[in-house]
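Undergrad: Every position in the sequence shown, counted from 1, becomes a number in this note's numbering once 12 is added.
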Amino acid sequence: MLAAAPNLATCVLVDDKGAGRSLLHVATDWPGHFPNCRETIALLAQAGADPDLGLADSPVDAFEKPLHWAASSDDVEAIDALLDNGANIEASGAVFTGGTPMSDAVVFAQWRAAERLLARGAVTTLWQAAALGLYERVHELAESATEGDLTAALWHACRGGQPTTAELLLDRGAEINWVGFMDWTPLRAAKESGNKGLVAALTKRGAK
Numbered sequence: 013m014l015a016a017a018p019n020l021a022t023c024v025l026v027d028d029k030g031a032g033r034s035l036l037h038v039a040t041d042w043p044g045h046f047p048n049c050r051e052t053i054a055l056l057a058q059a060g061a062d063p064d065l066g067l068a069d070s071p072v073d074a075f076e077k078p079l080h081w082a083a084s085s086d087d088v089e090a091i092d093a094l095l096d097n098g099a100n101i102e103a104s105g106a107v108f109t110g111g112t113p114m115s116d117a118v119v120f121a122q123w124r125a126a127e128r129l130l131a132r133g134a135v136t137t138l139w140q141a142a143a144l145g146l147y148e149r150v151h152e153l154a155e156s157a158t159e160g161d162l163t164a165a166l167w168h169a170c171r172g173g174q175p176t177t178a179e180l181l182l183d184r185g186a187e188i189n190w191v192g193f194m195d196w197t198p199l200r201a202a203k204e205s206g207n208k209g210l211v212a213a214l215t216k217r218g219a220k
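#1: Grab me the residues of Ala201's own chain with a C-beta within less than 7 Å of its C-beta, minus the 5 sequence neighbours each way, in chain order.
#2: Between the Cα of Asp183 and those of Ala126, Val150 and Asp87, spot the shortest distance and give me the residue it belongs to.
#3: Verify whether the separation of the beta carbon atoms of Arg128 and Val88 is less than 8 Å.
#4: Confirm, please, whether the CB-CB distance from His37 to Leu79 is below 8 Å.
#5: Taking the alpha helix (DSSP H) that Arg33 belongs to, which residues open and close that run?
#6: On the premise that Leu146 lies in contact with Asp161, defined as a C-beta separation below 8 Å, what is that separation, rounded to the nearest angstrom?
#7: Using 8 Å for Cβ pairs, my map puts Thr112 next to Ala82. What's the rounded Cβ distance?
#8: Take the Cβ of Met114 as the centre, count every other Cβ of all protein chains shown within 10 Å, and call the residue buried at 16 or more, exposed below.
#9: Quick one: residues in its chain with C-beta nearer than 6 Å to the C-beta of Leu56, no 5 flanking neighbours on either side, listed in chain order?
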């Protein structure tokens, strides 16, 4: 099909709400994990599709790239295919934060995607590092962090079930009973992670 109509690789599909997306977005759309996605992405890229093209005029997800969508779907195969075909691992445009694909992976608790992005060289912010249990990175970034940043990072550490980074952030002054995203406290986030040891440690320190 691409051989007969090569312009398909660079076309933008626009829905009735005015949101545009490329065929690489289609290949990485929720829920992801489509058959032959690696081959599909490679063929589109070889035909000229831009792996870093953001959504056009989207009212909600402005500027999300295909790599953001793959990260949001925990689609490791698509992540590898996009990176192998030139996608920028630090591209901006994540939903909610405007950040990188790592932001989407952590926000949506897509841990396999987050670990793969990390393995492929992604840079982490404080809250992302906390969620992934990256003690040394958290220690480094906590030096210049505000109390608000430390507290948000604690919440993400708890959601990721990461006791070492959670303890570090508490020792640095993070608020243990902050009501954060989804109206969850760090304790609620830890319970959702399934890490009973972390839940016990937080409770011992006064978490509610």
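Backbone N, C-alpha and C fix where the C-beta goes; we use that ideal spot for every residue, glycine too.
TA: Short version:
#1: Trp167, Cys170 and Arg171
#2: Val150
#3: yes
#4: no
#5: It is not in any alpha helix (DSSP H) - Arg33 instead sits in the beta strand (DSSP E) that spans Gly32 to Ser34.
#6: With a Cβ gap of about 15 Å, Asp161 and Leu146 do not count as contacting.
#7: The pair is not a contact, with the Cβ atoms about 12 Å apart (cut-off 8 Å).
#8: buried
#9: Ala21, Leu35 and Leu36
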